[in-house]
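Residue numbers for the sequence shown follow the UniProt record's numbering, so the first one is 1 and each next one is one higher. The C-beta atom is built at its ideal place from N, Cα and C for all residues, glycine as well. Working notes, structure below.
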Amino acid sequence: MKVVIIGHSFVRRLRELVEKDSDCANLRLETDKFQVNFRARGGLTVHKLRQQAELLSFNHTDLVFLQIGGNDLSTLSPYQVAHSIFDIVEHILNVNRARHVVVGQLFWRSPEATKSDLYNDKVVRTNLLLSEGAQCSRRITFWRHRGFWKKTLSFLSVDGVHLHVQAQRKYLQSVKAAILTVAKTID
1 MKVVIIGHSF
11 VRRLRELVEK
21 DSDCANLRLE
31 TDKFQVNFRA
41 RGGLTVHKLR
51 QQAELLSFNH
61 TDLVFLQIGG
71 NDLSTLSPYQ
81 VAHSIFDIVE
91 HILNVNRARH
101 VVVGQLFWRS
111 PEATKSDLYN
121 DKVVRTNLLL
131 SEGAQCSRRI
141 TFWRHRGFWK
151 KTLSFLSVDG
161 VHLHVQAQRK
171 YLQSVKAAIL
181 TVAKTID
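Right, dumping it as C-alpha cells:
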C-alpha cells in the first residue's frame with residue numbers, strides 16, 4: 001500500500017525521527033505491505049501547499065495522511081481553514097487519484113506561543129468542522145490523535161508549538177494507527 005504523509009513541521013519532524021531512528025523506520029509498518037513517503041515543509045499553510053506543486057506531485061497512491069491547518073489559524077477563521085483543507089482533500093482525491101485521505105486533528109498550542117487565548121478555541125472549532133465534513137464521504141477520515149488533550153499542554157516542547165521528543169513518538173504511533181485502521185477499509 002502506498003502512503004503519502006503531507007504536512008507542516010509536525011510531519012517534517014516525524015520524517016526526521018523516522019530517518020534517524022531505525023526503530024521507527026517506515027513508521028514501524030511492514031515494508032512489504034506499506035511504502036511510506038513524506039512531503040513536508042516547516043511553516044506550511046494550506047495556501048502554501050496549493051502553491052508548492054512538488055508536495056502534491058504524486059498519483060495513484062492508496063492513502064494520504066494530511067496534517068495541516070494549525071499555521072493557518074492565526075490569520076483565518078476555523079470555517080476558512082476547514083474549507084481550505086477540504087479543497088486540498090478534493091484535489092488529492094480527484095487530481096492525485098488517492099483512494100483515501102485521512103485528515104489529522106489539529107493540535108493545541110500554548111497561549112504564550114500564539115500570543116492569544118483564542119487560538120486553542122479556534123483549534124477546537126476547526127476540529128469539529130473537519131470531523132463533521134469528513135462524514136460526508138467514505139473516502140475521507142478525520143483522525144483524532146489520542147493523548148494530546150491535557151490542559152497542562154505537557155506534550156508540547158519548550159517552544160509551545162511542537163511536540164517534545166516523547167510526544168513525537170506518541171504522534172508516530174497515532175499516525176501509524178490511522179494508517180492501519182483505514183487500510184483495513186480500503187483493501
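Quick one: is VAL165 buried, meaning 16 or more other Cβ sit within 10 Å of its Cβ, or exposed?
exposed
Quick check on GLN51: buried or exposed, where buried means 16 or more other Cβ atoms within 10 Å of its Cβ?
exposed
Nonlocal neighbours in the same chain, by C-beta distance under 7 Å from ALA183, ignoring five residues either side
MET1, LEU63
Provide the residue(s) that pair with PHE142 in DSSP beta bridges, ordered along the chain.
VAL103
Start-end ranges of the beta strand (DSSP E) lying completely within the stretch 69-114, minimum 3 residues
100-104
Is it right to say ASP72 is buried, meaning 16 or more other beta carbons lie within 10 angstroms of its own, or is it exposed?
buried
Is it buried or exposed, TRP149, if we count other Cβ atoms within 10 angstroms and call 16 or more buried?
exposed
Is ARG50 helix, strand or coil when you go by DSSP?
helix
Assign ASN37 to one of three DSSP states: helix, strand, or coil.
strand
I'd like the span of the alpha helix (DSSP H) that includes GLY133, first residue to last.
119-134
I need the DSSP call for LEU153, collapsed to helix, strand or coil.
coil
Compare the C-alpha of VAL81 against each of LEU93, ILE92, VAL123, ARG97 and name the closest.
VAL123
Tell me the rounded alpha-carbon separation between VAL11 and ILE140.
19 Å
For GLY70 and HIS145, what's the separation of their Cα atoms in angstroms?
14 Å
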